[in-house]
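S.K.: Numbers 0 to 442, taken from numbering that gives the first Met the number 0, label the letters of the sequence shown in order. All residues carry an ideal CB built from backbone N, CA and C; glycine is no exception.
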Amino acid sequence: MIHPIEGRYGKKEVKDIFEEENKLQKILEVEAALARAHAEVGNIPKKAADIISKKVKEKVVTVLRVSEIEEEINHDLMAMVKALSEQCGDDAGKYIHLGATSNDIQDTALALQLKEYIKYLECDLQNLKKILLKLSGEHKKTVCIGRTHAQHAVPTTYGLKFAIYACEVQRHIDRLGEYKKRILVGQMTGAVGTQAALGKHAVKIQKLIMKDLGLDPVLVSNQVIQRDRHAEFLLNLALISETLNKIATEIRNLQRTEIDEVSEGFGKKQVGSSTMPHKRNPIIAERICGLSRIIRADAFAAMDNIPLWHERDLTNSSPERILIPESCILTDYILNLTIDLLTNLVFKHENIKRNLMMSETIMAESIMIELFDKGMGRQNAHELVRECAMESYKSDKTFKEILTENEQVRAYLSKGEIWDALNPVHYIGTAVEQVENVIKKLG
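(1) Taking contact to mean 3 or more Cβ pairs, one atom from each stretch, closer than 8 Å, check whether the segment 224-238 and the segment 297-304 are in contact.
(2) Indicate whether the contact test is met: 3 or more Cβ pairs, each with one atom in the segment 206-213 and one in the segment 153-161, closer than 8 Å.
(3) Determine the contact status of residue 237 and residue 287, defining contact as a CB-CB distance below 8 Å.
(4) Quick check on the DSSP output: what are the complete beta strand (DSSP E) runs of length 3 or more inside the segment 137-185, in order along the chain?
(5) Would you kindly work out how many angstroms separate the C-alpha atoms of residue 41 and residue 61, rounded to a whole number?
(6) What number of angstroms, rounded off, separates the C-alpha of residue 355 from the C-alpha of residue 363?
(7) With DSSP collapsed to three states, give me the class of residue 394.
(8) Could you check which residue in 331, 27, 421 and 420 has the C-alpha nearest to that of residue 8?
(9) In chain order, which alpha helix (DSSP H) runs of at least 4 residues are fully inside the segment 208-256?
(10) With DSSP collapsed to three states, give me the class of residue 262.
(11) Within the continuous alpha helix (DSSP H) that includes residue 285, where are the two ends?
(12) Looking only at its chain, what residues have a beta carbon closer than 6 Å to the beta carbon of residue 522, apart from the 5 residues adjacent to it on each side?
(13) Please go through the segment 328-412 and give each complete alpha helix (DSSP H) segment of 4 or more residues, from N-terminal end onward.
(14) For residue 1, does the three-state DSSP call read helix, strand or coil?
(15) Return the first residue and the last residue of the alpha helix (DSSP H) that residue 90 is part of.
(16) Could you have a look at residue 194 and say whether DSSP puts it in helix, strand or coil?
(17) Quick one: any contact between the segment 401-409 and the segment 126-137, if contact means 3 or more CB pairs under 8 Å?
(18) Is it buried or exposed for residue 264, if we count other Cβ within 10 angstroms and need 16 for buried?
(19) Any idea what DSSP makes of residue 422, helix, strand or coil?
(20) Between the Cα of residue 13 and those of 51, 121 and 34, spot the shortest distance and give me the residue it belongs to.
(21) Look up residue 433 in the DSSP assignment and say whether it is helix, strand or coil.
(22) Leaving out five residues on either side along the sequence, give the residues of the same chain with a beta carbon under 7 Å from the beta carbon of residue 90.
(23) Report the three-state DSSP secondary structure of residue 312 (helix, strand or coil).
(24) Pull up the distance between the alpha-carbon of residue 132 and that of residue 202, whole angstroms please.
(25) Hey, would you say residue 38 sits closer than 8 Å to residue 44, going by beta carbons?
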């Protein structure tokens, strides 16, 4: 084992989609569909197409035999053609791969693999959205300190945090619905896209094949399906991974010892460190963040596969053997890691309250708005409250005491109004309403 995907990372069902056995079977299914289309338009005997289809369905062509032939001829797709021809006999075998070029078969087969994968991707995204909406509802009134520039800002709620993530995941679902129609396409256009070898029924043959396989046909292509489609797909996987990176990064920060508001679930016998027995490290969140870098890098590499020479060269082939399976498997993996992370997330409400109440100056904006509502100009209110806040940093007095003793402030606000405006729970605006609206629209 060399690549960690082989053992450490990834779900078996998803990895199976990209295993050589399934890849070969998809290629064979395209060849069988090609034979059936030829038979339907009268180019080859129906009996020959039936034999080819039967052998493909029976899975008599093995990866081992294809590999043996490839060793001799140094061409993977032609090795498959020869292996299938062996099984079909001379009468049917001579019709295999008629009018096609390698990438007609391989690119269409890849679309079939991606069609299988996208079912898992859609399910993962829906499950992630579901847990985020659940957390949004449960914590819509869990008031916490908001942070900008890593500094305490003004109060927010955990429900609003999760609602924001849920909306982002919904956008990934929406995007998937858009680019799915661009990636789940096949082609049967021949050596440079002219369909010359397919004869007078070429257009119909392509339509028949794609209808048979449940794909859309390309409108036009050269020797390959154009790689902007695949780059878009990988870029969207990278976008998904960066959302997961964002969520996991927030949890890692909130689990820091000096913040300690939430934490990953920790197993009864789990070990945090080989030398420090006390450690409870955010290893799941860190793994999500780390693997997102690979997915993002794969997307950048996929961009280089778009500008191929003339009607095509082979520079996209070797990287795609790595990029596409790797990105798909790892995206599914960290999606499920994130679902597990959020499902088992531990909330430390005492620490959330402690951090919220750490400094009264976080309510400076609230005081400013109260002063404005009572008739003071906004700019004057801002400057007055700023001066009081700065004084509190240098003074032994609390922000509340400074405000209460300030004549300008007291000219507009009573002591009770000041104290009420300094209560963080009273300053979350429409956060609860926004969360409820998100749950209503996305739930």
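M.R.: Answer, in terms of the structure:
(1) Yes, they touch.
(2) Short answer: they don't touch.
(3) The criterion of a C-beta distance shorter than 8 Å is not satisfied by residue 237 and residue 287.
(4) Listed in chain order, they are 142-147 and 150-156.
(5) The C-alpha of residue 41 lies about 30 Å from the C-alpha of residue 61.
(6) Distance between the alpha carbons of residue 355 and residue 363 is about 14 Å.
(7) Three-state DSSP puts residue 394 in coil, outside helix and strand.
(8) For the set 331, 27, 421 and 420, the Cα lying nearest the Cα of residue 8 is the one of 331.
(9) Complete alpha helix (DSSP H) runs here, min 4: 227-253.
(10) In the structure shown, residue 262 sits in a strand (DSSP, three-state: E or B).
(11) Where residue 285 is concerned, the enclosing alpha helix (DSSP H) stretches over 282-302.
(12) An answer regarding residue 522 cannot be provided, because it is not within the stretch 0 to 442 covered by the chain.
(13) If we require 4 residues or more, the alpha helix (DSSP H) runs fully inside the segment 328-412 come out as 348-355, 363-372, 377-393, 398-404 and 406-409.
(14) Here residue 1 sits in coil by DSSP.
(15) Residues 75-92.
(16) Looking at residue 194 - three-state DSSP - the assignment turns out to be coil, as it is neither helix nor strand.
(17) Contact between the segment 401-409 and the segment 126-137 is absent: fewer than 3 CB-CB pairs across the two stretches fall below 8 Å.
(18) Residue 264 is exposed by the Cβ-count criterion.
(19) Of the three classes helix, strand and coil, the one that applies to residue 422 here is coil, per DSSP.
(20) Of the listed residues, the one whose Cα sits closest to residue 13 is 121.
(21) If DSSP states are grouped into helix, strand and coil, residue 433 belongs with the helices.
(22) For residue 90, where only same-chain residues beyond five positions count, the Cβ hits under 7 Å are 47.
(23) Here residue 312 sits in coil by DSSP.
(24) A straight line joining the alpha-carbon of residue 132 with that of residue 202 spans about 47 Å.
(25) Yes.
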